[in-house]
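5 is the number of the first residue of the sequence shown in this note's numbering; add one for each residue after it.
Just so you know, even glycine gets a beta-carbon here, dropped at the ideal spot from N, CA and C.
These notes concern the structure reproduced below.
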Amino acid sequence: MFETKKTWVSPRWERALTDAGLLDIESVTTREFDWFEEPNRRRGGWSGVTRIVLNPEAAPQDQEAVFLKIQQNHFYRAANTLFTKQLTFEREFEVLQQLDSVTNSIPEMVLFAKWRSGSDVGAILITKALDDWFPLPDWLNGWRGHVAPDEATFQKALEAIAKGAREIHQAGWVHLCFSAKHLFVRPKDDGNFETCVIDMEKCRKHLSAAHRTRKDCAHFMRHTPGLTEAHKLAFTKAYFQTDTFTDAQKRIIKKMRGGPAI
5 MFETKKTWVS PRWERALTDA GLLDIESVTT REFDWFEEPN RRRGGWSGVT
55 RIVLNPEAAP QDQEAVFLKI QQNHFYRAAN TLFTKQLTFE REFEVLQQLD
105 SVTNSIPEMV LFAKWRSGSD VGAILITKAL DDWFPLPDWL NGWRGHVAPD
155 EATFQKALEA IAKGAREIHQ AGWVHLCFSA KHLFVRPKDD GNFETCVIDM
205 EKCRKHLSAA HRTRKDCAHF MRHTPGLTEA HKLAFTKAYF QTDTFTDAQK
255 RIIKKMRGGP AI
């Protein structure tokens with residue numbers, strides 16, 4: 005017997021979701037999808053991601069697209085929750101909910117649903133597609149005919165990325181995979197940038213502000229290809245919002261693997 009255990013719908017998207025048939029959760033769980041990424045299968049469960057245009061009959065410039073993430077028996081466990089099982093997309097939804105009021109650097113939530121069918125449990129998480137954003141690694145190399153950024157432009161992007169990290173950390177969270185492959189950037193009309201951090205399911209709370217900063221900033225600098233010493237220094241200055249580091253900030257930076265030499 006199919007039972008929907010939990011549903012959250014963004015009021016802004018409810019009409020479009022209804023028209024697209026995505027509020028019939030049981031029906032969605034039986035659909036065949038063209039996968040955006042091949043499903044991840046492990047420990048008797050699976051999860052997959054697909055891109056859906058909600059109004060395909062509209063003119064291309066008026067179409068609204070979303071990413072739909074669906075899973076069954078695909079769980080998250082962590083020591084800080086005593087290894088209690090939780091669906092990874094349910095975990096991600098809870099993180100997004102808590103961060104929604106403190107940063108714009110996360111995906112826009114559209115729908116979340118959790119269900120049970122017999123011995124199986126599953127979840128759906130829908131977010132707005134990032135069609136007008138650039139994946140950071142591709143943007144750095146030039147993408148879809150765009151020229152790779154010059155130093156001044158890259159500096160603006162680094163400032164946006166640092167701001168996104170800082171806002172997440174100030175809310176008490178650490179991402180744990182804060183690297184280029186989980187970051188998107190988008191230029192603004194004023195020449196500055198916005199950033200969007202994805203794949204929030206591994207985020208967790210940590211009491212130490214220094215740990216949050218050190219962990220994610222080090223991960224970004226270590227795993228983002230092509231970062232020079234000057235880039236790393238610019239990133240950390242933007243993160244701490246200073247041109248001159250305090251002694252406490254210097255101690256944190258010196259403990260960052262792959263961080264700048266100061």
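Check: If you drop the 5 nearest sequence neighbours on each side, which residues of the same chain put their C-beta closer than 6 Å to that of LYS160?
Finding: One-based indexing of the sequence shown puts residue 160 at position 156. Excluding residues within five positions, the ones whose Cβ falls inside 6 Å are ASN196 and PHE197.
Note to self: I want to know whether the segment 112 to 130 touches the segment 94 to 104 - three or more CB-CB distances under 8 Å.
What the structure shows: yes
Notebook entry, point to check: Can you tell which of HIS186, ARG190 and LEU211 has its C-alpha closest to the C-alpha of GLY176?
Noted result: Indexing the sequence shown from 1 puts residue 176 at position 172. With distances taken between Cα atoms, GLY176 lies closest to LEU211.
Item checked: PHE116 classed as buried or exposed, judged by whether at least 16 other C-beta atoms fall within 10 angstroms -> In the sequence shown, the residue the question calls residue 116 occupies position 112. Per the 10 Å Cβ criterion, buried.
Check: DSSP on ASN44, reduced to helix/strand/coil?
Finding: Within the sequence shown, residue 44 is the residue found at index 40, counting from 1. It is a strand residue.
Check: In three-state terms, what does DSSP make of PRO139?
Finding: Here the question's residue 139 lines up with position 135 in the sequence shown. Reduced to three states, the DSSP call for PRO139 is strand.
Check: Among LYS241, THR248, SER105 and HIS223, which has the Cα closest to the Cα of GLY260?
Finding: The count along the sequence shown starts at 1 and reaches residue 260 at position 256. It is Met, not Gly, that sits at residue 260 in the sequence shown. Residue HIS223 is the option with its Cα nearest to MET260.
Margin query: Whole angstroms are fine: how far does the CA of ASP220 sit from the CA of LEU187?
Written below: Start at 1 with the first residue of the sequence shown, and residue 187 comes out as number 183. Start at 1 with the first residue of the sequence shown, and residue 220 comes out as number 216. Answer to the nearest angstrom: the Cα atoms are 12 Å apart.
Check: DSSP state of THR54, grouped into three classes?
Finding: For this step, residue 54 is matched to residue 50 along the sequence shown. In this structure, THR54 counts as strand in the three-state DSSP scheme.
Check: Out of curiosity, what's the CA-to-CA distance linking THR228 and ARG208?
Finding: If you number the sequence shown from 1, residue 228 lands on position 224. If you number the sequence shown from 1, residue 208 lands on position 204. Cα-Cα distance, rounded: 22 Å.
Item checked: DSSP-derived helix/strand/coil call for THR11 -> In the sequence shown, residue 11 corresponds to position 7, counting from 1. THR11: strand per DSSP, three-state reduction.
Checklist line | Coil, strand or helix - ARG255 by DSSP | finding: Counting from 1 along the sequence shown, the entry for residue 255 is found at position 251. Helix.
Check: Does the beta-carbon distance from ILE202 to PRO141 come in below 8 Å?
Finding: For this step, residue 202 is matched to residue 198 along the sequence shown. For this step, residue 141 is matched to residue 137 along the sequence shown. No, Cβ-Cβ distance for ILE202 and PRO141 is not below 8 Å.
Check: In angstroms, rounded to a whole number, what distance separates the CA positions of ASP193 and TRP119?
Finding: For the purposes of this step, residue 193 is identified with residue 189 of the sequence shown, where counting begins at 1. For the purposes of this step, residue 119 is identified with residue 115 of the sequence shown, where counting begins at 1. One C-alpha to the other measures close to 42 Å.
Checklist line | Distance between PHE239 and THR246 (C-alpha atoms, nearest Å) | finding: Counted from its first residue, the sequence shown places residue 246 at position 242. Counted from its first residue, the sequence shown places residue 239 at position 235. Spanning the two alpha carbons is a distance of roughly 11 Å.
Margin query: Can you confirm whether THR157, when its beta carbon is compared against all beta carbons of chain D, has any partner nearer than 8 Å?
Written below: Among the protein chains of the structure shown there is no chain D, as only one such chain exists.
Notebook entry, point to check: For ALA238, which three-state DSSP category applies?
Noted result: Counted from its first residue, the sequence shown places residue 238 at position 234. If DSSP states are grouped into helix, strand and coil, ALA238 belongs with the helices.
Notebook entry, point to check: Around the Cβ of ARG35, are there at least 16 other Cβ atoms within 10 angstroms (buried) or fewer (exposed)?
Noted result: Counted from its first residue, the sequence shown places residue 35 at position 31. The residue in question, ARG35, is exposed, as its Cβ has fewer than 16 Cβ neighbours within 10 Å.
Notebook entry, point to check: Under the three-state reduction of DSSP, which class applies to THR1: helix, strand or coil?
Noted result: The first residue shown for the chain is 5 and the last is 266, placing residue 1 beyond what the model contains.
Notebook entry, point to check: What residues are listed by DSSP as bridge partners for PHE244?
Noted result: As a working note, residue 244 is residue 240 in the sequence shown. According to DSSP, which records beta bridges pairwise, PHE244 is partnered with nothing at all.
Check: In whole angstroms, what is the alpha-carbon distance linking GLN174 and ALA166?
Finding: Along the sequence shown, read from residue 1 onward, the residue named residue 174 stands at position 170. Along the sequence shown, read from residue 1 onward, the residue named residue 166 stands at position 162. If I take the Cα positions, the gap works out to 12 Å.
Item checked: Residue range of the alpha helix (DSSP H) that includes GLN67 -> Working through the sequence shown from its first residue, we reach residue 67 at position 63. Per DSSP, GLN67 belongs to no alpha helix (DSSP H) and is neither H nor E.
Next item on the list: Identify every residue that forms a DSSP beta bridge with PHE71.
Entry: Residue numbering aside, residue 71 sits at position 67 when the sequence shown is read from its first letter. Answer is ARG55 and THR131.
Note to self: Quick check: what's the CA-CA separation for GLN67 versus ALA20?
What the structure shows: For the purposes of this step, residue 67 is identified with residue 63 of the sequence shown, where counting begins at 1. For the purposes of this step, residue 20 is identified with residue 16 of the sequence shown, where counting begins at 1. For GLN67 and ALA20, the distance between alpha carbons rounds to 11 Å.
Check: For CYS207, which of helix, strand or coil comes out of DSSP?
Finding: Position 203 of the sequence shown, counting from 1, holds the residue named residue 207. Three-state DSSP puts CYS207 in coil, outside helix and strand.
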